[in-house]
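S.K.: According to this note's numbering, the stretch in the sequence shown is residues 7 to 118, in order. All C-beta atoms, glycine included, are put in the ideal place defined by N, C-alpha and C. This structure is a prediction, so every number in the text was calculated from the model and none was measured. The structure under discussion is supplied below as structure tokens; questions concerning it will follow.
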Amino acid sequence: MCLFCRIVAGEVPAKRVYEDDRLVAFDDINPQAPMHVLVVPKAHVATLNDLDTTHDALVGEMIRRGAAIAAERGYSQRGFRTVFNCNADAGQAVFHIHLHVLGGRPLKWPPG
């Protein structure tokens with residue numbers, strides 16, 4: 007079982023900021039900005055390459071939830087970034103799709 011599946015199952019502690027029947031969101035343990043939240047589906051999907059049309063609503067929910075969390079924390083007007091990493095060269099360290107939601111400092115382009 008991957009780390010995020012274990013967090014979803016409650017086997018590994020995380021500072022949860024949101025949960026419903028399909029998603030869990032929690033603060034990143036190694037934040038790269040004052041706000042760094044991960045939005046994770048409860049269903050295991052390893053990478054973006056593994057998505058199909060049955061996941062369209064789920065991905066939409068992840069993005070909307072990320073924007074809602076940013077708004078709740080006061081970052082919707084200042085700005086925030088959402089990022090999906092896909093595979094190791096892009097920085098994906100846990101192979102369970104997740105959306106990074108970052109805000110609270112200037113974020114440069116290009117990233118990384």
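Please state the DSSP three-state secondary structure of Met7.
M.R.: For the purposes of this step, residue 7 is taken as residue 1 along the sequence shown, with counting starting at 1. Correct three-state label for Met7: coil.
S.K.: In its own chain, which residues sit with a C-beta less than 7 Å from the C-beta of Glu17, not counting the 5 before and 5 after it?
M.R.: For this step, residue 17 is matched to residue 11 along the sequence shown. Once the five neighbours on either side are set aside, Glu17 has no close Cβ partner at all.
S.K.: With a cut-off of 8 Å on the beta carbons, I'd call Val46 and His61 a contact; round off their distance for me.
M.R.: Your numbering for residue 46 matches position 40 in the sequence shown. Your numbering for residue 61 matches position 55 in the sequence shown. Between His61 and Val46 the Cβ distance is about 13 Å, and since that is not below 8 Å, they are no contact.
S.K.: Give the list of continuous alpha helix (DSSP H) stretches no shorter than 4 residues that lie fully inside the region 8 to 48.
M.R.: Runs found: 9 to 14.
S.K.: Roughly how far, in whole angstroms, is the beta-carbon of Phe32 from the beta-carbon of Val23, given that I think they are within contact range, below 8 Å?
M.R.: What you label residue 32 is simply residue 26 of the sequence shown in a count that begins at 1. What you label residue 23 is simply residue 17 of the sequence shown in a count that begins at 1. Yes, Phe32 and Val23 are in contact; Cβ-Cβ is about 6 Å, under 8 Å.
S.K.: Alpha carbon to alpha carbon, how far is Arg111 from Arg87?
M.R.: As a working mapping, residue 111 is identified with position 105 in the sequence shown. As a working mapping, residue 87 is identified with position 81 in the sequence shown. Taking the straight line joining both Cα atoms gives about 10 Å.
S.K.: In the DSSP assignment, find the unbroken alpha helix (DSSP H) run with Leu64 in it and report its ends.
M.R.: Here residue 64 refers to the residue found at position 58 of the sequence shown. Asp62 to Glu78 is the span of the alpha helix (DSSP H), which, as asked, contains Leu64.
S.K.: What is the rounded straight-line gap between the Cα of Lys48 and the Cα of Met68?
M.R.: Here residue 48 corresponds to residue number 42 of the sequence shown, with the count starting at 1. Here residue 68 corresponds to residue number 62 of the sequence shown, with the count starting at 1. Rounded to whole angstroms, Lys48 to Met68 spans 11 Å at the Cα level.
S.K.: DSSP three-state call for Leu105: helix, strand or coil?
M.R.: As a working mapping, residue 105 is identified with position 99 in the sequence shown. Leu105 falls in the strand class under three-state DSSP.
S.K.: So is Ala41 buried or exposed if we call it buried at 16+ other beta carbons inside 10 Å?
M.R.: By one-based count along the sequence shown, residue 41 stands at place 35. Residue identity check: residue 41 is Met in the sequence provided, not Ala. Buried, by the Cβ-count rule.
S.K.: Near Val14, what residues of its chain come up, given a Cβ to Cβ distance below 6 Å and the 5 sequence neighbours on each side ignored?
M.R.: Taking the sequence shown and counting its residues from 1, the one referred to as residue 14 is at position 8. Here the set comprises Val30 and Lys48.
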